Amino acid sequence: MPEPGSNDLSLPMRGDDVRVPNAAYGAGGGDGGEEPTPNPIAMVIDRLHGRWVWCIIVALLLAPIFAAAGWFFAPVTYLATGLIRVERSIKVDMFQTPEESTFDLNGTVAEQAMILRTEAVIAAALKDVRLKPFEDRIRKWDIRAITDGVSVVPEKGTGLIAVSVESDNPLFSEAATGALMEAYLGRVR
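Encoded structure:
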């Protein structure tokens, strides 16, 4: 037993204990320098010696309880996603210049994704007829009705932009995604 005021936190040795002293520490002798860092796996094995069965039983009992609680109390959300393909459309009349021969697809797609997130595109999307059934949800063309759940992600190296709207209503998610994509296409055409 450790003395009161002692810093020794190791468990007392039992008669059936087959632990090797300092098994919780990494291999390697010391040259009197730094103390080796403890191996976390060896420490867990050392502390749970003979108690694995109880840990497994408790885990098997608690896992379904926490899974059911998460299933019933987590909010249900729906996600509608659409893809927009960005292409190069530079017309060359007479000859091609070095500036036109190099085309940064990733930069162009990222720029178009930023345009998709602008307030002008979202305000135009709010005026779409698909969102008319949700007028009570979009009070006075409030931009936050869509922006709270919008995710615009440019897919690197593909020329695609993934537009997603997450909401608690699947019909609103679908209508808002379609309206946002149509508003963007109407703006860039």
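Here our numbering = 1-based position in the sequence shown + 142. Using N, Cα and C, we set each Cβ at its ideal position, and we do this for glycine too. Bear in mind the structure is a predicted one, so any value in this text is a computation, not a measurement.
Euclidean distance between Cα positions of residue i and residue j
| i | j | result |
| --- | --- | --- |
| residue 278 | residue 314 | 12 Å |
| residue 275 | residue 312 | 13 Å |
| residue 273 | residue 306 | 16 Å |
| residue 198 | residue 205 | 10 Å |
| residue 266 | residue 328 | 9 Å |
| residue 248 | residue 213 | 39 Å |
| residue 297 | residue 263 | 20 Å |
| residue 252 | residue 317 | 24 Å |
| residue 308 | residue 195 | 43 Å |
| residue 177 | residue 207 | 42 Å |
Nearest-angstrom Cβ-Cβ length linking residue i and residue j, presumed shorter than 8 Å
| i | j | result |
| --- | --- | --- |
| residue 219 | residue 290 | Between residue 290 and residue 219 the Cβ distance is about 11 Å, and since that is not below 8 Å, they are no contact. |
Exposure of residue i, with buried meaning 16 or more beta-carbon neighbours within 10 Å
| i | result |
| --- | --- |
| residue 321 | buried |
| residue 228 | buried |
| residue 129 | In the structure displayed, the chain extends from 143 to 331; residue 129 sits before or after that span and is not available. |
| residue 172 | Below a pLDDT of 50, predicted positions are generally treated as unreliable, and residue 172, at 49, falls in that range; the measurement from the model is reported next regardless. Exposed, by the Cβ-count rule. |
| residue 216 | exposed |
| residue 185 | exposed |
| residue 288 | buried |
| residue 258 | buried |
| residue 201 | exposed |
| residue 333 | Since the first residue of the chain shown is 143 and the last is 331, residue 333 is not available in this structure. |
| residue 209 | exposed |
| residue 268 | buried |
Beta-ladder partner(s) of residue i, from DSSP
| i | result |
| --- | --- |
| residue 315 | Residue 315 is not bridged to any residue. |
| residue 227 | 302 |
| residue 201 | DSSP, once it has assigned bridges, lists no residue as partnering residue 201. |
| residue 126 | With the chain covering 143 to 331 only, the question about residue 126 has no answer from this structure. |
| residue 216 | Paired residues: none, contrary to the question. |
For residue i, the nearest candidate out of the options (CA to CA)
| i | options | result |
| --- | --- | --- |
| residue 303 | 224, 176, 331 and 179 | 224 |
| residue 230 | 210, 193 and 301 | 301 |
| residue 226 | 254, 187 and 191 | 254 |
Contact with chain D by residue i, beta-carbon distance below 8 Å
| i | result |
| --- | --- |
| residue 211 | Of the protein chains in this structure there is only one, and it is not chain D. |
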